[in-house]
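>
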Amino acid sequence: EYSDSANSKKDIDTLKFTDVNYAEVKFRRVDNDLMLFGYHDTDSVTVKSFYSHVDYQFDKLEFADRSITRDELGKQGMALFGTDGDDNINDWGRNSVIDAGAGNDTVNGGNGDDTLIGGKGNDILRGGYGADTYIFSKGHGQDIVYEDTNNDNRARDIDTLKFTDINLSELWFSRENNDLIIKSLLSEDKVTVQNWYSHQDHKIENIRLSNEQTLVSTQVEKMVESMAGFAQKHGGEISLVSHEEVKQYINSLTAAL
Numbered sequence: 509e510y511s512d513s514a515n516s517k518k519d520i521d522t523l524k525f526t527d528v529n530y531a532e533v534k535f536r537r538v539d540n541d542l543m544l545f546g547y548h549d550t551d552s553v554t555v556k557s558f559y560s561h562v563d564y565q566f567d568k569l570e571f572a573d574r575s576i577t578r579d580e581l582g583k584q585g586m587a588l589f590g591t592d593g594d595d596n597i598n599d600w601g602r603n604s605v606i607d608a609g610a611g612n613d614t615v616n617g618g619n620g621d622d623t624l625i626g627g628k629g630n631d632i633l634r635g636g637y638g639a640d641t642y643i644f645s646k647g648h649g650q651d652i653v654y655e656d657t658n659n660d661n662r663a664r665d666i667d668t669l670k671f672t673d674i675n676l677s678e679l680w681f682s683r684e685n686n687d688l689i690i691k692s693l694l695s696e697d698k699v700t701v702q703n704w705y706s707h708q709d710h711k712i713e714n715i716r717l718s719n720e721q722t723l724v725s726t727q728v729e730k731m732v733e734s735m736a737g738f739a740q741k742h743g744g745e746i747s748l749v750s751h752e753e754v755k756q757y758i759n760s761l762t763a764a765l
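When the letters of the sequence shown are read in order and numbered with the working numbering, they come out as residues 509 to 765.
#1: Using the Cα positions of R634 and E655, report the straight-line distance between them to the nearest angstrom.
#2: Could you tell me which of D613, G638, G737, G617 sits nearest to M586, measuring between CA atoms?
#3: Quick check: the region 680 to 689 against the region 621 to 640, are at least 3 beta-carbon pairs closer than 8 Å?
#4: Is the number of C-beta pairs between the region 639 to 653 and the region 621 to 628 that are closer than 8 Å three or more?
#5: Using the Cα positions of K556 and T591, report the straight-line distance between them to the nearest angstrom.
#6: Indicate whether the contact test is met: 3 or more Cβ pairs, each with one atom in the region 526 to 533 and one in the region 558 to 575, closer than 8 Å.
#7: Would you tell me roughly how many angstroms separate the C-alpha atoms of I674 and I520, rounded to the nearest one?
#8: Could you name the residues of the same chain whose beta carbon sits closer than 6 Å to that of G582, not counting the 5 residues immediately before and after it, in chain order?
#9: May I have the straight-line CA-CA distance separating T615 from H548, to the nearest angstrom?
#10: When the Cα of D567 is compared with those of D541, T577, H561, which residue comes out closest?
#11: Between which two residues does the alpha helix (DSSP H) harbouring G737 extend?
#12: Going by alpha carbons, who is nearest to V703 out of Y564, G737, F558, N685?
#13: Please list the segments of the beta strand (DSSP E) lying wholly inside the region 640 to 706, counting only runs of 3 or more residues, in order along the chain.
#14: Spatial neighbours of L523 within its chain, please: C-beta separation below 6 Å, excluding the five flanking residues on both sides.
#15: Quick check on this structure: which residue in T722, L693, D539, E713 has the alpha carbon closest to the alpha carbon of V754?
#16: Could you tell me which residues DSSP pairs with K615 in its beta bridges?
#17: Excluding the 5 residues flanking S734 on each side, which residues of the same chain have their C-beta closer than 6 Å to its C-beta?
#18: Just to confirm, are G649 and D594 a CB contact at a threshold of 9 Å?
Shown next as structure tokens:
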């Protein structure tokens with residue numbers, strides 16, 4: 509689709525799905541193209557150059573059950589899905605939900621209030637400016653999170669790292685150079701928050717566990733300091749300490765927060 513910007517007020521372009529509901533459709537960015545897929549098995553529609561200029565974008569999507577304009581889609585956030593391969597997904601300036609799927613993916617959320625899901629594999633997640641949420645679940649591998657905050661909007665940009673099915677008693681917190689390391693005690697899963705200790709802008713304000721318990725950044729740093737002392741008492745080898753003893757220790761820390 510191409511619309512001359514000078515005539516954009518009268519050129520209202522609509523992409524219409526006659527027998528597909530809105531919830532059936534998934535979105536995927538492929539270079540500068542937008543793919544709509546996930547309905548009717550292998551069917552898909554690709555809007556060429558959607559991300560290169562507004563003139564290549566539709567104004568409205570019509571489905572069997574509802575309609576939504578491009579502006580409404582941008583405000584509520586477009587859920588983008590990756591492939592099972594190693595994806596590089598960039599979505600600058602929107603409020604987006606990005607589920608990268610399997611593979612070792614790199615995801616850039618840009619300036620919106622984004623939700624980033626790396627999925628299985630060792631992923632790199634960059635939320636950028638905005639109030640971002642990073643989702644991590646068991647089996648998601650070893651992810652690297654890089655957070656940045658706009659100084660002018662720091663009070664509004666409250667970022668969250670959410671563990672969907674992991675409680676505090678299953679995690680070990682440590683510092684490695686300027687990075688924060690959050691490692692599973694039950695698997696090789698790990699989240700590295702890059703440059704946490706180098707500047708306030710790179711910290712994540714809230715870490716939320718599956719039981720809805722939430723740690724703020726100051727509590728996280730207290731956990732790191734205390735766990736470093738505990739590890740030192742045991743020769744630095746937490747793996748040699750029984751899980752039950754470690755669990756009791758973490759529970760005592762939690763009670764003291």
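Even glycine gets a Cβ: it sits at the ideal position worked out from N, Cα and C.
According to the data block:
#1: Here the C-alpha atom of R634 lies approximately 6 Å from the C-alpha atom of E655.
#2: Comparing Cα-Cα distances from M586 to each of D613, G638, G737, G617, the minimum goes to G617.
#3: Taking 8 Å as the limit for Cβ pairs, the verdict is that the region 680 to 689 does not touch the region 621 to 640.
#4: These segments touch.
#5: One C-alpha to the other measures close to 19 Å.
#6: Counting C-beta pairs closer than 8 Å gives three or more between the region 526 to 533 and the region 558 to 575, which meets the contact rule.
#7: Roughly 47 Å between the two C-alpha positions.
#8: The residues are R602.
#9: It is Val, not Thr, that sits at residue 615 in the sequence shown. In a straight line, the C-alpha of V615 is about 28 Å away from that of H548.
#10: Here the closest residue by C-alpha is T577.
#11: For G737, the enclosing alpha helix (DSSP H) has its first and last residue at 725 to 741.
#12: One detail in the question is off: residue 703 reads as Asn in this sequence, not Val. Selected option, being the one with the closest Cα: N685.
#13: Correct list: 641 to 644, 650 to 655, 668 to 671, 679 to 684, 687 to 692, 698 to 701.
#14: Here L523 has F566, L569 as same chain residues with Cβ atoms under 6 Å from its own Cβ, once five neighbours each way along the sequence are excluded.
#15: A check of alpha carbon separations from V754 across T722, L693, D539, E713 identifies L693 as the nearest.
#16: Reading the sequence as shown, one finds Val at residue 615 and not Lys. DSSP lists I597, L633 as partners of V615.
#17: Only residues of its own chain outside the window of five on either side were considered, and among them L761 have a CB closer than 6 Å to the CB of S734, listed in chain order.
#18: No. Outside cutoff.
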